[in-house]
Amino acid sequence: MSDYLQINTAKIAQEIIDGEVIIINLDEGYYYSLLNIGTEIWQNIEKGFSQYEIIQEILNRYDGIAEEIKEGVEGLIDELIEEEIILSVSHSFSEKREFSAVNINIQKAETKLKFEKPRLQKYTDMQDLLTLDPIHDVDETGWPNPKQI
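All the letters of the sequence shown, read from the start, carry residue numbers 2 to 150 under my numbering.
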């Protein structure tokens, strides 16, 4: 697997509202939510961090068993790739990169936050509404009309 991650902007729309990442799959009509550690992971993906760099950032900020933290971060990243929310790429496309292994500010164990496994919440209840054709002609059947498959 390639080391860098990129948001699949061709397929999703996303916004962070009050610390929650809201992601909409424009093709499938699913929407997703990430909170807490998931939001931090998402922000690091936006910055163009590699998977290794993201794991190091989370290990630096959170208290827990290193292997469990690594598995939790990798699990979320794998799920985001499987849902086609992010893509695995060979190099970073971001110009916002701020990570440097030399400049990591290691937090003391007593100031670290408790690690909780990040979760991607998936919702399908608005799929029909989210896949409606936004470009339409109003006729006798009215609007909105579902896409013809």
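Where a beta carbon is used, it is the ideal one built from N, C-alpha and C, also for glycine. None of the values given here were measured: they were computed from a predicted structure.
* DSSP-derived helix/strand/coil call for Leu6 -> Sequence index remark: in the sequence shown, residue 6 carries index 5 (1-based). Of the three classes helix, strand and coil, the one that applies to Leu6 here is strand, per DSSP.
* Asked: What is the C-beta distance between Ile87 and Gln15, in whole angstroms, given that I count them as a contact (C-beta under 8 Å)?
  -> Position 86 of the sequence shown, counting from 1, holds the residue named residue 87. Position 14 of the sequence shown, counting from 1, holds the residue named residue 15. Incorrect: roughly 10 Å between the Cβ atoms, too far for contact.
* In angstroms with no decimal places, state the Cα-to-Cα distance between Asn26 and Thr112. => Against the sequence shown, residue 26 aligns to sequence position 25. Against the sequence shown, residue 112 aligns to sequence position 111. For Asn26 and Thr112, the distance between alpha carbons rounds to 37 Å.
* **Within the stretch 9-52, ranges of the alpha helix (DSSP H) (whole runs, at least 4 residues)** => 38-47
* To do: Enumerate in chain order the residues of its own chain whose CB-to-CB distance from Tyr32 is below 6 Å, with the five nearest sequence positions on each side excluded.
  => As a working mapping, residue 32 is identified with position 31 in the sequence shown. Correct list, in chain order: Ile25 and Tyr124.
* Name the one or two DSSP bridge partners that Val114 has. => Taking the first residue of the sequence shown as 1, we reach residue 114 at position 113. The sequence given here has Leu at residue 114, not Val. Tyr63, per the DSSP bridge assignment.
* **Supposed close pair Leu36, Glu21 - CB separation, criterion 8 Å** => Translated into positions along the sequence shown, residue 36 becomes position 35. Translated into positions along the sequence shown, residue 21 becomes position 20. That belief holds up - the Cβ atoms of Leu36 and Glu21 are roughly 5 Å apart, short of 8 Å.
* Excluding the five sequence neighbours on either side, which residues of its own chain have a C-beta within less than 8 Å of the C-beta of Ser34, listed in chain order? -> Taking the first residue of the sequence shown as 1, we reach residue 34 at position 33. These residues qualify, in order along the chain: Glu21, Val22, Ile23, Ile24, Leu121, Gln122 and Tyr124.
* Quick one: is Asn9 buried, meaning 16 or more other Cβ sit within 10 Å of its Cβ, or exposed? -> Numbered from its first residue, the sequence shown carries residue 9 at position 8. The residue is buried, with at least 16 neighbouring Cβ atoms inside 10 Å.
* Asked: Per DSSP, Gln122 is paired with what?
  -> One-based indexing of the sequence shown puts residue 122 at position 121. Answer is Ser34, bridged to Gln122.
* Can you name the residues that DSSP bridges to Ile87? -> Position 86 of the sequence shown, counted from the first residue, corresponds to residue 87. Paired residues: Ile8.
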